[in-house]
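Comments concern the structure below.
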Amino acid sequence: MKLKRNKKRYRYASGRRRLYTRRFMIVSICTILVAAIVSAVIFIGSQLVPRVPVASEGPSQSSQSSASSEKPSSEESSQPSSESSESQEESSSQPSSEPSSSQPEVSVADDAPAYQKKYPDLYVTDRPKMHVLDDDAKVVYLTFDDGPSDLTAPLLDVLKKYNAKATFFNCCQSDYQEEFAPLMKRCVDEGHTVAVHTYSHQFKEVYQSVEAYLDDFYKMYKLIEETTGQKPANFFRFPGGSKNGYNGDVYQDIIKEMTRRGFIYYDWDGDSGDAAGGNVSGATIYANTMDAIHKGCNIILMHNIFDKKATLEQVGKIIKTAQKEGYEFKALDGTLDPSHGYLMTTKEFVSAAMDSQFIQLSDWRMEKEKAKGNR
Ligand SMILES: [Zn+2]
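Numbering of the sequence shown is given in numbering that gives the first Met the number 0, commencing with residue 0 and proceeding in unit increments.
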């Protein structure tokens, strides 16, 4: 009897033990599961958080950089004085100059044109939002095309004398010009902007196809980068302007491709007339330029190739007179919205820029497009 009772007790006890063990295992498994879920959530969170500070590095985070640059502070900071806009230019161009090789994992569709896959380092991924000038703003951007040349050093001396800044759209058309390429470094060191015009300036070659244009552009881009030690400007100028007698078949595709890569471009709203053929007199260049400035033009077309001595001779007088009238001479820094009257191809540019993941047009332009129902 006693034995039976003990056996019963033993069975009862071992049954309870099994029950406890099972419960214990269920509780343990649940705990492990919960812990795994919690740590997975923490891990994912920690992966997301540190991405914010590197927003400007990669194109995939461009929406973050766009969100931050929509704050008025960054837009205003590019406006108040020439110094602040230059320092912004430097600070935005320098950090991106180093990681260019590790740059960007821009996704290009498999069926995209082959030229989109070329030059993976030819992107502007850190472009700030653009602004426009007030109609009565007394700001002049002298732009000098086709240099450098033997007239570049004397031009830099004149600009220095009047503490004026300018923009150089440069080429490397010949061995002769290559000799002057080192002057691009002096341009940058003295606070001017150096941007790509083209390498060869041969209309028939560069406008043969989008690919031919890119090949030529990249060559000049690299030359400027190697010579100056920093990235060229994040904008450029087409030889002959954005629409000319040589690029009718390709200009729209080139605009689309360059804006896709984050580049913008400027034509001009004032022309010094120094390329009008023949020997344009200094007096005409002076009169054309002052006239344009007084009409409220901001971006003035001039040239700095070897046969433009007449231009060089007028620059000092133009700056001196206009400065007395309260005008300020600045270098373009890529924050001025080109669609505010500085393009021959406004419609094409705006539509391409709105498709680009890197370009943020000015509020002025976006309001205009909204009113038209374009966005
Ligand atoms: Zn040119």
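Note that beta-carbon positions come from the ideal geometry of N, C-alpha and C, so glycine has one too.
These figures come from a predicted structure and were not determined experimentally.
(request) Report the rounded CA-to-CA distance for Asn382 versus Pro231, giving the unit in angstroms. (result) With the chain covering 0 to 374 only, the question about residue 382 has no answer from this structure.
(request) Have a look at Leu379 and Lys316 and give me their C-alpha separation to the nearest angstrom. (result) There is no way to answer for residue 379, as the model of the chain reaches only from 0 to 374.
(message) Considering Cα atoms alone, identify which of Asn278, Asp120 and Lys137 is closest to Ile318.
(response) The candidate whose alpha carbon is nearest that of Ile318 is Lys137.
(request) Just the C-alpha distance for Glu312 and Tyr264, rounded to the nearest angstrom, thanks. (result) Rounded to the nearest whole angstrom, the CA to CA distance from Glu312 to Tyr264 is 28 Å.
(request) Count the other CB atoms, across all protein chains shown, that sit within 10 Å of the CB of Pro181; report buried if there are 16 or more and exposed otherwise. (result) The C-beta of Pro181 has fewer than 16 other C-beta atoms within 10 Å across all chains shown, which makes the residue exposed.
(message) With a threshold of 6 Å (Cβ to nearest heavy atom), would Pro337 be considered close to ligand 1?
(response) No - ligand 1 has no heavy atom lying nearer than 6 Å to the Cβ of Pro337.
(request) Leaving aside the five residues before and after Arg259 along the sequence, list all residues of the same chain whose C-beta is less than 6 Å from its C-beta, in chain order. (result) Here Arg259 has Ser355 as same chain residues with Cβ atoms under 6 Å from its own Cβ, once five neighbours each way along the sequence are excluded.
(message) By the three-class DSSP mapping on this structure, what secondary structure does Tyr114 have?
(response) Of the three classes helix, strand and coil, the one that applies to Tyr114 here is helix, per DSSP.
(request) Report yes if the C-beta distance between Gly269 and Ile299 is below 7 Å; otherwise report no. (result) Contact annotation: Gly269 and Ile299 have beta-carbon atoms nearer than 7 Å.
(request) Indicate whether Ala330 and Thr192 have their beta-carbon atoms separated by less than 7 Å. (result) Contact: yes.
(request) For the beta strand (DSSP E) holding Asp144, just list the boundary residues, first then last. (result) DSSP places Asp144 in the uninterrupted beta strand (DSSP E) bounded by Val138 to Asp144.
(request) Take Tyr217 and list the residues in its own chain whose beta-carbon comes closer than 7 Å to its own, dropping the five residues that flank it on each side. (result) Taken in chain order, the residues that qualify are Tyr118 and Leu121.
(request) With a floor of 4 residues, list each alpha helix (DSSP H) that falls wholly inside the segment 248-305, ordered by position along the chain. (result) As for any alpha helix (DSSP H) of minimum length 4 sitting wholly inside the segment 248-305, the runs are 250-259 and 281-293, ordered along the chain.
(request) Go to Phe202, then tell me how far its alpha helix (DSSP H) extends in each direction, as first and last residue. (result) Here the alpha helix (DSSP H) through Phe202 covers Phe202 to Val205.
(request) Take Asp362 as the anchor and find which of Leu132, Ala113 and Ala282 has the nearest alpha-carbon. (result) Nearest to Asp362 by alpha-carbon distance, out of Leu132, Ala113 and Ala282, is Leu132.
(message) Closest to Lys307 by C-alpha separation, out of Asp290, Ala274 and Phe357, would be which residue?
(response) For Lys307, the closest C-alpha among the options Asp290, Ala274 and Phe357 is that of Ala274.
(message) Quick check on Val107: does DSSP put it in helix, strand or coil?
(response) Residue state, collapsed to three classes: coil.
(request) Just tell me which of Val139, Phe167 and Val205 has its CA closest to the CA of Gly244. (result) Cα-wise, what sits closest to Gly244 is Val205.
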